[in-house]
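Peer 1: These protein sequences, in sequence, are chains A and B. Note that the first sequence covers residues -1 to 205 in my numbering. Note that the second sequence covers residues 2 to 182 in my numbering.
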Amino acid sequence: MISLTSPVRTRAHGWPAGLKLGLLVAATVLLAAQDALAFHLCALAGTLGLYLLPGGRFFRAGLRALRGLWPVALIVLAWDGLTGDPLGGVVVVLRMVSAVALANLVTMTTRLSDMMEVVHWLGRPLARLGLNLRALEICLALVIRSIPALSEKAGLLRRSWQARAHRAPRWRLIPPLTLLALDDADHVAEALKARGGVAGPKTTKLP
Amino acid sequence: MEKTVSHVALFAAVIAVLGLMPKLTLAFGIPVTAQSMGIMLAGAILGARRGALAVLVFLLLVALGLPLLAGGRGGLGVFVGPTAGFLAGWVAAAFVTGLIVERWRSAPLGLVAGVASVIGGIVVLYAFGVVGMALVLHRGLLESAGLVLIFVPGDIVKAAITAALTVSLARARPQSLLSRA
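1) Give the single residue among B:GLY72, B:GLY90, B:SER169 and B:SER180 whose Cα lies nearest to the Cα of LEU57 (chain B).
2) For LEU2 (chain A), which three-state DSSP category applies?
3) What is the residue span of the alpha helix (DSSP H) that ASP213 (chain A) lies within?
4) With which residues is ARG74 (chain B) paired in a DSSP beta bridge?
5) Which of the three DSSP states, helix, strand or coil, is assigned to VAL158 (chain B)?
6) Leaving aside the five residues before and after GLU71 (chain B) along the sequence, list all residues of the same chain whose C-beta is less than 6 Å from its C-beta, in chain order.
7) By the DSSP assignment, the alpha helix (DSSP H) with ARG143 (chain A) in it spans what residues?
8) Mapping DSSP to helix, strand and coil, what is VAL196 (chain A)?
9) Identify the continuous alpha helix (DSSP H) that holds PRO84 (chain A) and give its terminal residues.
10) Taking all protein chains shown into account, do 16 or more other C-beta atoms lie within 10 angstroms of the C-beta of PRO109 (chain B), making it buried, or fewer, making it exposed?
11) Name the residue from A:GLN32, A:ASN102 and A:ALA183 whose alpha carbon lies nearest to the alpha carbon of LEU148 (chain A).
12) When burial is assigned at 16 or more other CB atoms within 10 Å of the CB, is CYS137 (chain A) buried or exposed?
13) Around the C-beta of PRO173 (chain A), are 16 or more other C-beta atoms found within 10 angstroms, so that it is buried, or is it exposed?
14) Consider the Cβ of GLU103 (chain B): report whether some Cβ of chain A lies at a distance smaller than 8 Å.
15) Closer than 8 Å is the cut-off here; do at least three beta carbon pairs connect the stretch 127 to 134 of chain B with the stretch 79 to 88 of chain B?
16) Could you check what DSSP says for GLN32 (chain A) in three-state terms: helix, strand or coil?
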């Protein structure tokens, strides 16, 4: 499964994922707490600088990930421009872009396996409260494995529909796709039971 | 337990695959993606608890860095952006949709699934979405609501399609409707 981790190797790829997430939380709280335009200009310049450090390819990929923000940014700037608070709008947009860019930076420099370790670490205290960590890990692995398989089945359904009709199937694909997924889920449940279930190995106390 | 894990996982995968489907454009130019319909369907078909868990697992994988949202988006950035409230609202939307389908058994299934999708997938979802947008963009609730109301007609269409799909699934295979099991 393709993840959003950048193929461009950076120094931050080697940092612990927990540290990066901690820094991200601290930076996001700081960005939310500040209202000064100069602070947010410096924050965005610093963030863009971090994107530039690994080179142009990494920087362009980072900018591409921010493209979805421009319609919201335009609306906010136009709104605040019309209501007489253009600087307020600029601060909001700068804060939003910096926060999203920093979060994307953590995603781009952290492998999926490292993030999974963080989930495992965060889940340990919850396990004492009854969270079945093994079930969660199996569930995540099953989703990752099932997406390409279901995607392929959706492609086959689409092609068989197109062979019989001129119009695109659109939402009509959803019922057969859902039924196929529910059938697969029943088979997977049987297979999991046959392999000892998701409760984890039972431990027996020696006398 | 195994059944819950497999149903939650496979439905999370369905939500992801719905994000790969090309978006429709309504007559008045508003884009509609099938993924948010997957949230309504998760509740209507799996029920409150399993539906909400499927959405939660899906969002966890998005946060871990998989590009599973419509348009190939994902990662931590989407959870601090202006639409973060809508993502948080997906879990509550699936739960409320499922809860209504589970509890309200006296009316025809199509009507129940439609009303449940409107309450869960529109009223509850937009409540979360508007609050999230107000926090990120430092707007008032009414201003934020004004920014997203344009998408409501598309969501009403999705709720109607969800109702039709739920009925057709229940007819094709009654035992597949786990919310009524």
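Beta carbons: idealized from backbone N, C-alpha and C, even for Gly.
Peer 2: With the structure as the only source:
1) B:GLY90
2) coil
3) As displayed, chain A neither begins before -1 nor continues past 205, which places residue 213 (chain A) out of reach and without an answer.
4) B:LEU70
5) helix
6) One point to set straight first is that residue 71 (chain B) is Ala, not Glu, in the sequence displayed. Cβ neighbours of ALA71 (chain B) beyond the five flanking positions: GLY20, THR34 and GLN36.
7) 131 to 162
8) coil
9) 84 to 106
10) exposed
11) A:ALA183
12) buried
13) buried
14) no
15) Yes, the stretch 127 to 134 of chain B is in contact with the stretch 79 to 88 of chain B.
16) coil
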